[in-house]
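Undergrad:
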């Protein structure tokens, strides 16, 4: 009786996911392996030997890696600051971190368009103080995409880290200091290693988010700085090349899963070492 | 351990980085120039008037709200029982079932959007609006299940057993005993799912067609062609909505939920 209940309650959810997520995905991935004469792998050999695609692939990977790295560098100290704050201030800081997270990504990317644009805030400022004679090209560059994605995903990194850092006892840090470590050493030898679980969750979220983001590269990268997600859209909707789009989509899924797998494996290794 | 001045300074700088763009957007929304300028010249409310008189924005705004509300309700109808089953009973394959429910988080939005378009619209010829609803429902389902499951964690199932042993049916028990105890979790789940659906771009971008488009998608195409403060004004309006939702989430779930 109970068993029947258990499965009955799950059936609607499982059905809709299998029907509309799994089957379409399998269909999309599967279609890339079927050529005129049966099974083929040629679309992937073409993808990875074509300079144009390889460039887009490595650009996307590069942007995601740099974004994850910058988010870590900026996120670790901020999360630590929040975790050591008084409860009332902590609430305000978390609210300030969550606010951008819940704000539309179009709004957040648009903000950077007004800052980096030809007549944007930065160029106006630099022109007014006569540092530059003509506007710099900041928008529609890889640099703009990186700033935009860091802006998009930094709050995720901070939020993932705060939860873990809150549980680090102050006693541990005091012990380290009483044993002669200065604050910075104590931070890097005690806080950072103990934050590894949060760091892993945060990096996975930021990396996969940046690797698959669509809005920001579309708005801040322009037509010359295409990434994989904008390539999927362009292939499918502008060029009507659905198989091509499916190939890019499959490459995206496999890369994301591989990266998640590698990071989890690394995490497992770190745990074995007792960190 | 005390915090050094350096750390405080660093944190302030990062928050400046997070909020400067938002402040700039807010200021440009009230500028009187026809293009976005900063510092702003003059003061005007005309851009706000612009959004409310623009059929295009009002219509897509309505569609976005409609899709978000319907998708969230469907996701609640599907997700609450699932969350209940998973927290109440222990059965073989629970881990696998959980993975299935959370799989839409791992699949890149743009890939999911494309495969829906490719399979459901092109092959099955389902209407765009229906596909849009299905896509949004699947994407927000994990949020519902997670939030509802976490509020069920604090529920004592012996109360439920008591009701059942006194003769109430399972359904009646759920409606009269379990549900009232998790209402705040359900409201929070509703708010989070709603905002996630409302903000969605990567799935919606494939599922637009004649008469069917959501606000973020319209905003994106507008931004690519025009450069006036209408979008700033619209952004400010959406930020107010975000603040409202954050307020409700704080009251029900607590914003600390995000750092768990």
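Chains as they are written, first to last, in UniProt numbering: chain A, 1 to 275; chain B, 1 to 260.
All C-beta atoms in this analysis are idealised placements derived from N, C-alpha and C, irrespective of residue type, glycine included.
Given the structure is predicted, the values throughout are model-derived calculations rather than measurements.
1) Can at least three beta-carbon pairs, one atom from the region 36-44 of chain B and one from the region 160-180 of chain A, be found at a separation below 8 Å?
2) Since I believe residue 60 (chain A) is in contact with residue 196 (chain A) (beta carbons under 8 Å), could you give me their beta-carbon distance rounded to a whole number of angstroms?
3) Under 8 Å, with one C-beta from each stretch per pair, do the region 88-100 of chain A and the region 200-215 of chain B reach the 3-pair mark?
4) Looking at chain A, which residues of the region 210-233 of chain B have a Cβ within less than 7 Å of any of its Cβ atoms?
5) Whole angstroms are fine: how far does the CA of residue 47 (chain A) sit from the CA of residue 244 (chain A)?
6) Name the chain A residues that come within less than 8 Å of residue 119 (chain B), Cβ to Cβ?
7) Relative to the C-alpha of residue 98 (chain A), which residue among A:158, A:207, A:143 is closest?
8) Do you know how far the Cα of residue 112 (chain B) is from the Cα of residue 43 (chain A)?
9) Determine whether the Cβ of residue 1 (chain B) lies closer than 8 Å to any Cβ atom of chain A.
10) Can you confirm whether residue 233 (chain A), when its beta carbon is compared against all beta carbons of chain B, has any partner nearer than 8 Å?
11) Can you tell which of B:145, B:172, B:66 has its C-alpha closest to the C-alpha of residue 185 (chain B)?
12) Taking DSSP as the reference, what is the three-state secondary structure of residue 268 (chain A)?
13) Consult DSSP for residue 35 (chain A) and reduce its assignment to one of helix, strand or coil.
14) Using alpha carbons as the reference points, say which of B:71, B:163, B:230, B:156 lies closest to residue 16 (chain A).
15) So what does DSSP say about residue 209 (chain B), is it helix, strand or coil?
16) Out of A:222, A:200, A:214, state which residue places its alpha-carbon closest to the alpha-carbon of residue 202 (chain B).
17) At what residues does the alpha helix (DSSP H) containing residue 95 (chain A) begin and finish?
18) Is the distance from the Cβ of residue 197 (chain B) to the Cβ of residue 142 (chain B) below 8 Å?
19) State yes or no: is the C-beta of residue 206 (chain B) within less than 8 Å of the C-beta of residue 116 (chain B)?
20) Considering only their Cβ atoms, is the gap separating residue 207 (chain A) from residue 64 (chain A) smaller than 8 Å?
21) Establish whether the CB of residue 123 (chain A) and some CB of chain B are separated by less than 8 Å.
22) Leaving out five residues before and five after residue 164 (chain A) in sequence, what residues of the same chain have Cβ atoms less than 6 Å from its Cβ?
23) At the 8 Å Cβ level, is residue 81 (chain B) part of the contact set with chain A, yes or no?
24) If you run the structure through DSSP and keep just helix, strand and coil, what is residue 137 (chain A)?
25) Using alpha carbons as the reference points, say which of A:49, A:29, A:77 lies closest to residue 6 (chain B).
26) For the alpha helix (DSSP H) containing residue 129 (chain B), list its first residue and its last residue.
TA: On the basis of the data shown:
1) no
2) At roughly 26 Å, the Cβ-Cβ gap does not stay under 8 Å, so residue 196 (chain A) and residue 60 (chain A) are not in contact.
3) no
4) 216, 219, 220, 223, 231
5) 9 Å
6) 23, 24, 27, 28
7) A:158
8) 20 Å
9) Low per-residue confidence applies at residue 1 (chain B): pLDDT is 44, beneath 50, and the placement is therefore not dependable enough to give any value.
10) yes
11) B:145
12) helix
13) strand
14) B:71
15) strand
16) A:214
17) 87-102
18) no
19) yes
20) yes
21) no
22) 195, 197, 198
23) yes
24) coil
25) A:77
26) 128-152
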